[in-house]
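Here's the structure we're looking at; comments come further down.
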Amino acid sequence: MSDYDFDQPIDRTHSSSFKWEHYRDRPIIPLWIADMDFQSPPELRDALKTRIDHGVFGYTKTPEALKEVFVERMASLYGWRVEPRWLVWLPGLVVALNVACRVLERHKQEVVTFTPIYPPFLTAPHFSERRLVTVPLAKVGDRYEIDLDFFRASISSQTGLLLLCSPHNPVGRVFEEEALRQVAEICIERDIIVCSDEVHCDLILDPLTHFPTAKLDEAFESQSITLMSPSKTFNLPGLNCAVAIIPDPKLRRRFDAVCQGIVPHCNLMGFEAALAAYRHGEPWRLALLDYLRGNRDLLESRIEKIPGLSMTHVQATYLAWIDTRDLNLKHPQRFFEQAGVGLSDGRQFDGAGYVRLNFGCTRETLKEALRRIEKAVRER
Ligand SMILES: Cc1ncc(COP(=O)(O)O)c(C=O)c1O
Numbered sequence: 083m084s085d086y087d088f089d090q091p092i093d094r095t096h097s098s099s100f101k102w103e104h105y106r107d108r109p110i111i112p113l114w115i116a117d118m119d120f121q122s123p124p125e126l127r128d129a130l131k132t133r134i135d136h137g138v139f140g141y142t143k144t145p146e147a148l149k150e151v152f153v154e155r156m157a158s159l160y161g162w163r164v165e166p167r168w169l170v171w172l173p174g175l176v177v178a179l180n181v182a183c184r185v186l187e188r189h190k191q192e193v194v195t196f197t198p199i200y201p202p203f204l205t206a207p208h209f210s211e212r213r214l215v216t217v218p219l220a221k222v223g224d225r226y227e228i229d230l231d232f233f234r235a236s237i238s239s240q241t242g243l244l245l246l247c248s249p250h251n252p253v254g255r256v257f258e259e260e261a262l263r264q265v266a267e268i269c270i271e272r273d274i275i276v277c278s279d280e281v282h283c284d285l286i287l288d289p290l291t292h293f294p295t296a297k298l299d300e301a302f303e304s305q306s307i308t309l310m311s312p313s314k315t316f317n318l319p320g321l322n323c324a325v326a327i328i329p330d331p332k333l334r335r336r337f338d339a340v341c342q343g344i345v346p347h348c349n350l351m352g353f354e355a356a357l358a359a360y361r362h363g364e365p366w367r368l369a370l371l372d373y374l375r376g377n378r379d380l381l382e383s384r385i386e387k388i389p390g391l392s393m394t395h396v397q398a399t400y401l402a403w404i405d406t407r408d409l410n411l412k413h414p415q416r417f418f419e420q421a422g423v424g425l426s427d428g429r430q431f432d433g434a435g436y437v438r439l440n441f442g443c444t445r446e447t448l449k450e451a452l453r454r455i456e457k458a459v460r461e462r
């Protein structure tokens, strides 16, 4: 029995939540944007209260203690030796994806990514006036794999950046070391920077270990940008605190230069929350993983029984990528919305015919959403 009550419903209406305001006053369960309906760990909330009581909210440097705790965390959880000077703290990772596209040299105009993918991976290259090249993930049995031949064939002399998502949103895949090594070898050979977004790395539900792509070898470290953040794990994306890990000083300087005068510092509450979460949040995180595992198992077993719907096994994240194509729906997202469940539209991820379901909610909420989905499909 967990010390934390993830079954406790928290009213998020009237809290300016993107997720909940979208369906304000409509009887639709919001299971779209990727935040969870749970309160963050109690120690984190206490740390914020203490900071509020201090009452002075001036310009704030990155706390040294946060750098130390983060470096220790990388070593203890992932066996990755990170130097504090490699860390660039940022108010978010979408910012980092866009900055990464802008560090490319003039002759490197193309950005590759594996689809389906979290939508900012698709828009960042355009915002940065780079060309986007997409490489579909290959579905092999019950899992998605990186199609190395397709990847190789998609690279040109202009390819400068791979935007990688590991673990992967939306397909929930934890890529193995070997697959990442093969990707890295291609990138080393073709002089491609890899920006590896690992924001979901603390949310692995299966007995698997996250492998930070940049850990592969030193040669590769020099062309890597790794993105991490406490925001998904501890449910604090509204506090805007994230970090890019850039071992190579030249690349880090280029990244910093793009940020100059445009990207603001992190919010001091974000720093406080990150520090408290990393220091004290481990028991909460482990309990959360248990709860999410329960939600995932329930979801997979119920979706499997709905004719016309299917999903691959979710190894990590609280996001499920559901294939609706056998139902031949004109607009799957709208269909489920009309049935009272607000999902993300697969087209935004370059995955027409799919919807993404966020199961970071109470078990009761998930059960009710499933009842509505089952009924809608049955009565269609
Ligand atoms: C892979 C990935 N990167 C980045 C983000 C968002 O990061 P941020 O809120 O720090 O901009 C998300 C949110 O869902 C995500 O799934």
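In this note's numbering, the protein residues as written are 83 to 462. Don't be surprised by glycine CBs; every beta carbon is placed ideally from N, CA and C.
Please find out if some non-hydrogen atom of ligand 1 comes closer than 6 angstroms to the beta-carbon of residue i.
i: C247; result: yes
i: G174; result: yes
i: Y200; result: yes
i: S98; result: no
i: A206; result: no
i: D135; result: no
i: V281; result: yes
i: S158; result: no
i: N317; result: no
i: S311; result: yes
i: N440; result: no
i: N349; result: no
i: N251; result: yes
i: A116; result: yes
i: A324; result: yes
May I ask which residues mark the beginning and end of the alpha helix (DSSP H) holding residue i?
i: L156; result: A quick correction: the sequence has Met, not Leu, at residue 156. Per DSSP, M156 belongs to the alpha helix (DSSP H) from E146 to Y160.
i: M351; result: L350 to H362
i: A451; result: R445 to R460
i: L333; result: P331 to C341
i: E227; result: Not the alpha helix (DSSP H): E227 falls in the beta strand (DSSP E), residues R225 to E227.
i: T132; result: P124 to H136
i: L230; result: L230 to S236
i: E300; result: E300 to E303
i: F100; result: F100 to E103
From the DSSP output, which residues share a beta bridge with residue i?
i: G424; result: P112
i: V325; result: W171 and M310
i: S392; result: D405
i: V256; result: Paired residues: none, contrary to the question.
i: L381; result: None, per the DSSP bridge assignment.
i: T241; result: E192
i: K221; result: Y226
i: M286; result: Met is not the amino acid found at residue 286; the sequence shown has Ile there. Paired residues: A398.
i: C269; result: Looking at the DSSP assignment, C269 forms no beta bridge with any residue, so it has no partner.
i: C247; result: D279
Under 6 angstroms from any heavy atom of ligand 3, does the C-beta of residue i make it?
i: A220; result: Ligands in the displayed structure: ligand 1; ligand 3 is not one of them.
Would you mind reading off the limits of the beta strand (DSSP E) that contains residue i?
i: D279; result: I275 to D279
i: D213; result: According to the sequence shown, residue 213 is Arg rather than Asp. Here the beta strand (DSSP E) through R213 covers R213 to P218.
i: E165; result: No beta strand (DSSP E) holds E165; DSSP gives it neither H nor E.
i: L204; result: First-last for L204: P202 to F209, but that is the alpha helix (DSSP H), not the beta strand (DSSP E).
i: F30; result: In the structure as shown, the chain begins at 83 and stops at 462. Residue 30 is therefore absent and cannot be evaluated.
i: R463; result: For the chain, the structure presents residues 83 to 462; residue 463 sits outside this window and is missing.
Kindly say whether residue i, judged by its beta-carbon, lies nearer than 7 angstroms to any beta-carbon of chain D.
i: S210; result: No chain D appears in the structure shown, which is made up of a single protein chain.
message = Does the structure place the region 179 to 187 close enough to the region 147 to 164 that three or more beta carbon pairs sit under 8 angstroms?
response = no
request  = Specify whether the region 271 to 284 and the region 381 to 392 touch according to this definition: at least 3 beta carbon pairs, one from each stretch, less than 8 angstroms apart.
outcome  = no
query = Are at least three pairs of beta-carbons, each pair with one atom in the region 223 to 239 and one in the region 190 to 204, less than 8 angstroms apart?
reply = yes
query = Within the chosen definition, does the region 116 to 128 reach the region 326 to 334 through at least 3 CB pairs nearer than 8 angstroms?
reply = no
task = State whether the region 106 to 113 contacts the region 443 to 451, with contact taken as three or more CB pairs (one from each stretch) at a distance under 8 angstroms.
result = yes
query = Counting pairs of beta carbons, one from the region 352 to 372 and one from the region 203 to 221, are three or more of them closer than 8 angstroms?
reply = no
request  = Taking 8 angstroms as the threshold, find out whether the region 242 to 253 comes into contact with the region 285 to 297 through three or more Cβ pairs.
outcome  = yes
query = Are the region 391 to 404 and the region 423 to 440 touching by the rule of at least three beta carbon pairs closer than 8 angstroms?
reply = yes
inquiry  = Pairs of beta-carbons, one from the region 307 to 324 and one from the region 339 to 358, closer than 8 angstroms: are there three or more?
reply    = yes
query = Can at least three beta-carbon pairs, one atom from the region 163 to 181 and one from the region 196 to 209, be found at a separation below 8 angstroms?
reply = Yes, since at least three Cβ pairs between the region 163 to 181 and the region 196 to 209 fall closer than 8 angstroms, the two stretches touch.
inquiry  = If contact is defined by three or more beta carbon pairs under 8 angstroms, each pair taking one atom from either stretch, is the region 304 to 312 in contact with the region 413 to 433?
reply    = no
request  = Flag this pair as touching only if the region 256 to 271 and the region 225 to 233 have three or more C-beta atom pairs under 8 angstroms; answer yes or no.
outcome  = yes
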